[in-house]
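J.: Let me begin by handing over the structure; questions about it come next.
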Amino acid sequence: MSRQQQERDPQGGSAIRLENLSKQYPNSPHPAVDNVSLDIEPGEFVVFLGPSGCGKTTLLKMVNRIYEPTGGKIWIDKTEVHELAAPQLRRQIGYVIQQTGLFPHMRIADNVATVPRLLKWKKARINRRVEELLDLVGLPPESYARRYPAQLSGGEQQRVGLARALAAEPSTMLMDEPFGALDAITRNRLQEELLRIHRQIKQTILFVTHDIDEAVRLADRIVVLRQGKVEQFATPLEIISNPANDFVAELVGAEDVLRRMSLIPIASAATAINGQRNVDDPTISGSSFLRDAIGTMVETGSERLSVVDEDGHPVKSLTMEDIQQAVSTSDAEENASERRATSASD
Amino acid sequence: MDFTYLRENPDVVWEHTIEHIQLSLTAMGIAMPIAIVLGILATRILWLTTPIVSIISILYTVPSIALLAFLIPSQGIGERPALIMLVMYAQLFLVRNIVAGLNGVDPATLEAARGLGMNEAQLFAKVWLPLALPVIIAGVRTGLVTTISLATIAGWVNAGGLGELMFQGLALGRESTVLAGVVAVSALSLTIDILIRALERLTPVARAQRAAAP
Ligand SMILES: Nc1ncnc2c1ncn2[C@@H]1O[C@H](COP(=O)(O)OP(=O)(O)OP(=O)(O)O)[C@@H](O)[C@H]1O
Ligand SMILES: [Mg+2]
Chain B
27 MSRQQQERDP QGGSAIRLEN LSKQYPNSPH PAVDNVSLDI EPGEFVVFLG PSGCGKTTLL
87 KMVNRIYEPT GGKIWIDKTE VHELAAPQLR RQIGYVIQQT GLFPHMRIAD NVATVPRLLK
147 WKKARINRRV EELLDLVGLP PESYARRYPA QLSGGEQQRV GLARALAAEP STMLMDEPFG
207 ALDAITRNRL QEELLRIHRQ IKQTILFVTH DIDEAVRLAD RIVVLRQGKV EQFATPLEII
267 SNPANDFVAE LVGAEDVLRR MSLIPIASAA TAINGQRNVD DPTISGSSFL RDAIGTMVET
327 GSERLSVVDE DGHPVKSLTM EDIQQAVSTS DAEENASERR ATSASD
Chain X
1106 MDFTYLRENP DVVWEHTIEH IQLSLTAMGI AMPIAIVLGI LATRILWLTT PIVSIISILY
1166 TVPSIALLAF LIPSQGIGER PALIMLVMYA QLFLVRNIVA GLNGVDPATL EAARGLGMNE
1226 AQLFAKVWLP LALPVIIAGV RTGLVTTISL ATIAGWVNAG GLGELMFQGL ALGRESTVLA
1286 GVVAVSALSL TIDILIRALE RLTPVARAQR AAAP
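Keeping their order, the protein sequence lines are chains B and X.
Start counting the first sequence at 27; every next residue gets the next number (our numbering).
Start counting the second sequence at 1106; every next residue gets the next number (our numbering).
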């Protein structure tokens, strides 16, 4: 939390407040979303994590009113979402889904221009914005703008979906398993770029996944859901090191992640000191492992450590982000080598 | 085959062809708005889909001559019963394809369109209809080609068109007159089929498909 207070510009995103939010589908024995209350800070990247059917999608779709709640309220800054007509509300909220939902009969540029056109921007402004966005998501406009969605790979289509959602600079983004259908390597690259874009624009992002590694990598805070109820709402670090109950522990495979962290040397995850090192940062030896670093962080309450060599001289620094990065990279490598092994065997 | 009549009376055949086109297009012009209403009702109100589509399919199984004979006592002879019959039969192709076209659009695409902030009218005009259009136009094509061939029966109730020429030929035992009618009807169907296929190629979906074809 201190991280985003230090680094995030509150102008970039909206504060979102869920107040006793519930959704009871007709003919369903229990509510899909059950009395959920959450305070999400401006610019925060919040990941909703939970097993299939726990209500992640239902919750997300109530924010832009694709589903109507049966109880409770949703505030985006000072506005309850029902104060606006649904189309007006949705034009201020970016929306990305796993199936991409790209319009197959429109060129990429027209897909991306959808919301600016609905908002009746001037043509020149739209064209400029489309080029800017395609560049932002790594699709050079000169080779992509005039193609149709069917002429793109799955990863490229998802980039277009992202660009389309970002078009009118929404202060809130809803993303429902956007990378769920992609291979591990593409997913990793897109996660990285989403983080880069988020650091740049600082919009508030509500992101749904059931992939714990994706959640740990992306989230400022994770909401763990089970049968429509919040089991824990905390930073990835807290969730992994201090799961609220057995359900959370099992879901995040806390032991598994910790085991992985106990195998990664700190030296391989730490980054060069970039001048802003605080002399008060707790120190840790470069030859110990990430698990030790987490322990030190939890003990000292600091999210940045100074990595020292055998002589006790600071050589590098290690942040929570570095750890997240290292853990998810090791995971991707593991997956990739596993796949290579299976494809070689058959 | 005896093409004497076609050779000696091209103007008469042409005149009947024009009449035939007029009758078919009038029927189509009446059938379309009805089909659009029925098609939209059937897609929007889920429990109506099955009854609407099955009633229309059942109507289609009634033989055309029987239907005409049934209409004559109340509608008399001439254009009226012929048009009623043609409009009824065209419904099958039109409604079935409107329903299939609209229902065939990927729900995720529609949800994305709504999620981006399109209202229902924008959604329909920019996404739903364009994506359903190829299937709908194909329905118009088969509907119109069927109407053209069925419209020959209209000659039997003096509604004009190429059917009249063929029934005259039959009554007088002139094979060459009948043949002229058959040739003209086939040529007409083929032309319409080609024209509408060209139209299908102009739809945004077809254009996107062509661009994506390797
Ligand atoms: N349109 C609907 N009508 C009735 N019940 C629904 C509807 N959509 C979802 N549900 C039910 O609500 C519950 C939550 O579904 P939801 O789609 O929100 O889960 P989810 O967490 O997104 O799951 P997944 O990870 O599989 O996408 C499930 O029990 C589901 O069966
Ligand atoms: Mg879901």
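Backbone N, C-alpha and C fix where the C-beta goes; we use that ideal spot for every residue, glycine too.
These figures come from a predicted structure and were not determined experimentally.
(1) Does DSSP put W1233 of chain X in a helix, a strand or coil?
(2) In terms of residue numbering, what span does the beta strand (DSSP E) encompassing R43 of chain B cover?
(3) Under 7 Å between beta-carbons, which chain X residues line up against T140 of chain B? List them in chain order, please.
(4) In this structure, how does DSSP classify L64 of chain B when only helix, strand and coil are distinguished?
(5) For a cutoff of 8 Å on Cβ pairs, would you count R116 of chain B as touching chain X?
(6) Report yes or no: do the stretch 1208 to 1216 of chain X and the stretch 118 to 130 of chain B share at least 3 C-beta pairs separated by less than 8 Å?
(7) So the beta strand (DSSP E) D1291 of chain X belongs to, where does it begin and stop?
(8) Could you check the C-alpha separation between V1117 of chain X and Y1110 of chain X for me, to the nearest Å?
(9) Measure from the C-beta of Q229 of chain B to each C-beta in chain X and report whether the shortest distance is under 8 Å.
(10) Is R91 of chain B near V72 of chain B, with beta carbons less than 8 Å apart?
(11) Threshold first: 3 residues or longer. Then list the beta strand (DSSP E) segments lying entirely within the stretch 286 to 348 of chain B, N to C.
(12) When every heavy atom of ligand 1 is checked, does at least one fall within less than 7 Å of the C-beta of T84 of chain B?
(13) List, in chain order, every chain C residue whose beta-carbon is nearer than 9 Å to that of V1310 of chain X.
(14) Can you look up D237 of chain B in the DSSP assignment and give me helix, strand or coil?
(15) Using C-beta distances below 7 Å, list every residue in its chain close to P36 of chain B, excluding the 5 sequence neighbours before and after it, in chain order.
(16) Starting from E70 of chain B and walking both ways along the beta strand (DSSP E), at which residues does that stretch end?
(17) Give the C-beta separation of V1200 of chain X and I1157 of chain X to the nearest angstrom, bearing in mind that I take them to be a contact with Cβ-Cβ under 8 Å.
(18) Would you give the residue range spanned by the beta strand (DSSP E) that T198 of chain B belongs to?
(19) Measuring straight from C-alpha to C-alpha, what distance separates I1297 of chain X and R1246 of chain X?
(20) Can you give me the C-alpha to C-alpha distance between G338 of chain B and D272 of chain B, rounded to a whole angstrom?
(21) If the criterion is Cβ atoms closer than 8 Å, does the pair L1375 of chain X and V1283 of chain X meet it?
(22) With 16 as the cutoff for other CB atoms within 10 Å, does T8 of chain B come out buried or exposed?
(23) When the Cα atoms are used, what is the spatial distance from L1128 of chain X to L1188 of chain X?
(24) Rounded to whole angstroms, what's the CA-CA distance from F205 of chain B to A1195 of chain X? Just pull it up for me.
(25) Count the CB pairs spanning the stretch 1249 to 1269 of chain X and the stretch 144 to 158 of chain B that are closer than 8 Å, and state whether there are at least three.
(26) Where do the ends of the beta strand (DSSP E) carrying V256 of chain B lie?
(27) Buried or exposed: L1197 of chain X, going by 16 or more other Cβ atoms within 10 Å of its Cβ?
(28) If the cut-off is 7 Å on Cβ atoms, which residues from the stretch 173 to 184 of chain B count as contacting chain X, listed in chain order?
(29) Who are the neighbours of L144 of chain B on chain X, taking C-beta pairs under 8 Å?
(30) Could you tell me whether any non-hydrogen atom of ligand 1 is closer than 7 Å to the CB of Y3 of chain B?
(31) If you measure between the beta carbons of Q258 of chain B and P269 of chain B, is that distance less than 8 Å?
(32) Is N53 of chain B close to chain X, meaning its C-beta is less than 8 Å from at least one C-beta of that chain?
(33) Helix, strand or coil: which one does DSSP assign to R91 of chain B?
(34) So what's T1166 of chain X in DSSP terms, helix, strand or just coil?
(35) Judging by CA-CA distance, which residue of B:R185, B:A295, B:P308, B:T198 is the nearest neighbour of G38 of chain B?
(36) Among B:A275, B:A260, B:E240, which has the Cα closest to the Cα of V249 of chain B?
T.: Put simply:
(1) helix
(2) 42 to 49
(3) L1221
(4) strand
(5) yes
(6) yes
(7) In the sequence as displayed, the identity of residue 1291 of chain X is Ser instead of Asp. Premise fails: S1291 of chain X lies in the alpha helix (DSSP H), 1280 to 1306, not in any beta strand (DSSP E).
(8) 9 Å
(9) no
(10) no
(11) 309 to 311, 330 to 334, 340 to 345
(12) yes
(13) The structure shown contains no chain C; its protein chains are B and X.
(14) coil
(15) Model confidence at P36 of chain B stands at a pLDDT of 41, short of 50, so the residue's coordinates are unreliable; what they give is reported in the following sentence. The residues are P68, G69.
(16) Element bounds for E70 of chain B: n/a, residue is neither H nor E.
(17) 7 Å
(18) 198 to 202
(19) 8 Å
(20) 39 Å
(21) There is simply no residue 1375 of chain X to check, as chain X begins at 1106 and stops at 1319 in what is shown.
(22) Lying before the first or after the last residue shown, residue 8 of chain B is absent from chain B, which here runs from 27 to 372.
(23) 7 Å
(24) 46 Å
(25) no
(26) 255 to 260
(27) buried
(28) Y174, A176, Q177
(29) L1221, G1222, M1223, Q1227
(30) Since the first residue of chain B shown is 27 and the last is 372, residue 3 of chain B is not available in this structure.
(31) yes
(32) no
(33) coil
(34) coil
(35) B:T198
(36) B:A260
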